[in-house]
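If you want it as structure tokens, here you go:
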């Protein structure tokens, strides 16, 4: 997590409170914008600086050796049983056919315990031939340990055909804390157990209460070619708080990319059973599709990024495309809510069903409230053109804001679908719309009524009084490159919302010339750019 993102969280509560005119109850949203950044506490800084011994593991080693570079250990498991706080384990390149349970912890005083591929080499945990246990498992398992770093491993070929077993690449559970999972490459973690199977690439389950999994950093990992059944590529579930999930690349998998879950009885105390107070930033997620997943019977139901019952989470500066849904903020549990989630400065395009979905998918589900969808660029979503549009508003959505977004529809010219009347106190304004059919023949749905024409929609709903219908003038609609040209009507047309944060998608200042632009990018003349655009892996 970059320092400027940490500074971003220090926005004053007073500034946000001035937005009470929108009708939002913003107490929870204030907390979402003020959460500390995982990995940046003073205790962690002390731990990172502390010393310790360095040990080595290598193919052909011996666990009776002293663990030096000349006389290395043979197994990662041996290292995970015997090292102490502050130590580093460098694992030489090669294939290790083992499941590793980490039985040691670091400490704030003595430092992290680090397990890392030897520089310039890749240590591979290969699950070929291993039996997935019935109990908690993972090629790496961390259960109620602390101050640990896993860095630079490849994890692969961990599979089962047994619906009662759940293969997981990296599993963090219990009340583990101060954990960093960085730069790992996970693929071919698979359930082949039919419609009842489950698997995860990286899973974090907060299974204790009141003690949580906390101060968690998941950064720079690559996950792909995962067969997940009913589960997710990367998931935080239950009593998990104070987390940062950033700069990960997730693709070519048959269920949800990133998921943040509450109310599944993961924690023994319902009061703590909710992923919360986290940042989800600068991830790239694509080709997330349940079409060939036997658990879904051909339906396309997976989101690239999904908050299902989480609260006080900031989702910012992510790129999500070619998935079933781009982003979904919803609750699958009746009487429960996804709340105070901020979705800002993201690029969401060419997804199959909708760019963003919110609310319960039927009347037996929960609600979405107190959320902010601001300064995102939505481009040609609902690629299947099945009548969903760029934005899908479902059951029981209330007290949310949808502002400063660009919605660029495909040939269907449908922006919003909303087939539920339980839609109250949602503020929709300061957006920019464009579609091939033009303003008179494009379509919006609101509380089960569908309006043809921008004027008819505005007058019929009261929404978008300050919004525009105009071509946003992207740099390219072919690639696409969704930066703005200097003549774009989106420039200086947004509301200066504190919810929009301090940086645009590229890391440039979110407000330029005193006024925010609509969409994910702020137009800045090259000579005035203060931050270099972020490098992205795709």
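In the working numbering, the protein residues as written are 28 to 565.
Note that CB positions come from ideal geometry on N, CA and C, so glycine has one too.
The model shown is predicted, which means the values in this text are computed figures rather than measured ones.
query                                                                                                                                                                   : result
Tell me which same chain residues have a C-beta within less than 8 Å of the C-beta of residue 422, skipping the five on either side of it?                              : 386, 387, 388, 389, 390, 392, 394, 447 and 449
Which same chain residues end up closer than 8 Å to residue 90 when comparing Cβ atoms and leaving out the 5 residues on each side of it in sequence?                   : 100, 101, 102 and 105
Counting C-beta neighbours from all protein chains within 10 Å, is the total for residue 326 16 or more, i.e. buried, or is it exposed?                                 : exposed
Assign residue 222 to buried or exposed, taking buried as 16 or more other Cβ atoms, counted over all protein chains shown, within 10 Å of its Cβ.                      : exposed
Quick check: residue 566 and residue 273, are their CB atoms within less than 9 Å of each other?                                                                        : Outside the shown range of the chain, which is 28 to 565, sits residue 566, and nothing can be said about it.
What's the gap between the Cα of residue 321 and the Cα of residue 186?                                                                                                 : 16 Å
Judging by CA-CA distance, which residue of 484, 420 and 455 is the nearest neighbour of residue 466?                                                                   : 484
Leaving out five residues on either side along the sequence, give the residues of the same chain with a beta carbon under 6 Å from the beta carbon of residue 443.      : 416, 418, 471 and 472
Using a Cβ-Cβ distance under 9 Å, would residue 330 count as near chain D?                                                                                              : The chain inventory of the structure shown lacks chain D, comprising one protein chain alone.
So, for residue 190: in the same chain, excluding its five sequence neighbours on each side, which residues have a beta-carbon less than 6 Å away from its beta-carbon? : 220, 223 and 224
Residue 348: which of 140, 405 and 518 sits nearest, CA to CA?                                                                                                          : 405
With distances taken Cα to Cα, identify the nearest neighbour of residue 432 among 480, 546, 482 and 332.                                                               : 546
I'd like the span of the beta strand (DSSP E) that includes residue 207, first residue to last.                                                                         : 204-209
For a test of the three-state rule: what should DSSP assign to residue 99, helix, strand or coil?                                                                       : coil
Touch check for the stretch 287-294 and the stretch 241-256: three-plus C-beta pairs under 8 Å?                                                                         : no
Just curious, the beta strand (DSSP E) that residue 143 is in, first and last residue?                                                                                  : 140-144
Alpha carbon to alpha carbon, what distance is there between residue 438 and residue 280?                                                                               : 28 Å
According to DSSP, which residues form a beta bridge with residue 227?                                                                                                  : 195
Out of 345, 366, 216 and 340, point me to the one whose CA is closest to residue 13's CA.                                                                               : Limits of the chain in this structure are 28 at one end and 565 at the other, which puts residue 13 out of reach.
So, with DSSP's three-state summary, where would you put residue 307?                                                                                                   : strand
Note down, in chain order, each residue of its chain lying with its Cβ closer than 7 Å to the Cβ of residue 551, except the 5 sequence neighbours on either side.       : 535 and 539
Quick one: using the 10 Å Cβ neighbour count with 16 as the cut-off for buried, is residue 268 buried or exposed?                                                       : buried
Between which two residues does the alpha helix (DSSP H) holding residue 481 run?                                                                                       : 481-488
Could you have a look at residue 107 and say whether DSSP puts it in helix, strand or coil?                                                                             : helix
How far does the beta strand (DSSP E) with residue 512 in it extend, from its first residue to its last?                                                                : It is not in any beta strand (DSSP E) - residue 512 carries neither H nor E in the DSSP assignment.
Would you call the stretch 229-243 and the stretch 290-304 in contact, with 3 or more CB pairs under 8 Å?                                                               : yes
Keeping to the same chain, check which residues put their C-beta closer than 8 Å to that of residue 516; ignore five residues upstream and five downstream.             : 459, 495, 497, 498, 499 and 500
Using the beta-carbon count (16 or more within 10 Å), is residue 161 buried or exposed?                                                                                 : exposed
Check residue 28 in the structure and name its three-state DSSP category.                                                                                               : Confidence in residue 28 is poor, its pLDDT being 24 and thus under 50, which makes the residue's placement too unreliable to answer from.
Beta-carbon separation of residue 375 and residue 408 under 9 Å?                                                                                                        : yes
Less than 9 Å between the C-beta atoms of residue 486 and residue 468, yes or no?                                                                                       : no
So, residue 117 versus residue 139, is the Cβ gap smaller than 9 Å?                                                                                                     : no
Should residue 445 and residue 420 be called a contact, given that it needs their Cβ atoms to be closer than 9 Å?                                                       : yes
When the Cα atoms are used, what is the spatial distance from residue 579 to residue 198?                                                                               : Because the chain here runs from 28 to 565, residue 579 falls outside it and cannot be looked at.
For residue 323, which of helix, strand or coil comes out of DSSP?                                                                                                      : coil
Taking a contact to mean a Cβ-Cβ separation below 9 Å, would you say residue 373 touches residue 342 in this structure?                                                 : yes
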